[in-house]
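For what it's worth, this note's numbering labels the leading residue of the sequence shown as 4, then goes sequentially.
Below you'll find the structure, written out as structure tokens, and then a few comments.
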Amino acid sequence: MYKYRKGSLLVELVCGLIILQGLAVCVDHELQTLATWRQQQRKYHQQQANFVVVQHLQHMLGGGVILGVKEHQIRIRHPRGMVYTLQQKKQALVSVAQTGGHFVLINHVQKITFKQMSKASFQMTVIQQEGQSDVQEVHI
């Protein structure tokens, strides 16, 4: 059996620790990269979902007129006379018809604000529970 000297064991131990430290740094960097990628993917998917909501609103309320805007609520009259209210209820953006029907447009919302741009357009700022913010302009 081969016998090591104390000095060579110490050198092997130090080399092993250096290699382990290098591996730990690489793994930590990869974990940070993965976390950043996941955050970007969540933001991208949320922007897609908000875009779909904007398209739905433009299709549903096309040709309508904005009746009134409050910070967290907007009222729109459809060309056929039906009045819809878009507002935040709990943690969702909800479309409420004058007949009382509710339709959830976006879930997991921390805050929604509306700002009227013209007679037929408004800006909608959606802040998600994760703190991500997205601004959409809706032209009806």
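Note that the Cβ used here is the ideal one computed from N, Cα and C, for glycine as well.
- Those residues which DSSP pairs with Phe106 across a bridge: Within the sequence shown, the letter at position 103 stands for residue 106. Beta-bridge partners assigned by DSSP to Phe106: Ser98.
- Item | Exposure of Phe106, with buried meaning 16 or more beta-carbon neighbours within 10 Å | Counting from 1 along the sequence shown, the entry for residue 106 is found at position 103. Its Cβ having fewer than 16 others within 10 Å, Phe106 is exposed.
- Task: Could you please give me the residues that DSSP links to Asp137 through a beta bridge?
- Result: Translated into the one-based positions of the sequence shown, residue 137 becomes position 134. BP columns for Asp137 point to Val129.
- Query: Apart from the five residues on each side of it in sequence, which residues of its chain come closer than 7 Å, Cβ to Cβ, to Val57?
  - Reply: Residue mapping note: residue 57 aligns to position 54 of the sequence shown, counting from 1. Sequence-distant partners of Val57 (beyond 5 residues in either direction) whose C-beta falls short of 7 Å from its own C-beta, in its chain, are Gln139, Val141.
- Met85 - DSSP class collapsed to helix/strand/coil: On the sequence shown, position 82 is the one that residue 85 refers to. DSSP, reduced to helix, strand and coil, places Met85 outside both helices and strands of the structure shown, so it counts as coil.
- Message: If contact is defined by three or more beta carbon pairs under 8 Å, each pair taking one atom from either stretch, is the region 118-135 in contact with the region 53-68?
- Response: Segments in contact, yes.
- Task: Give a yes or no on whether 9 Å exceeds the smallest Cβ distance from Gln43 to chain D.
- Result: The chain inventory of the structure shown lacks chain D, comprising one protein chain alone.
- Where the beta strand (DSSP E) through Lys93 begins and ends: Residue numbering aside, residue 93 sits at position 90 when the sequence shown is read from its first letter. No beta strand (DSSP E) contains Lys93, which DSSP labels as neither H nor E.
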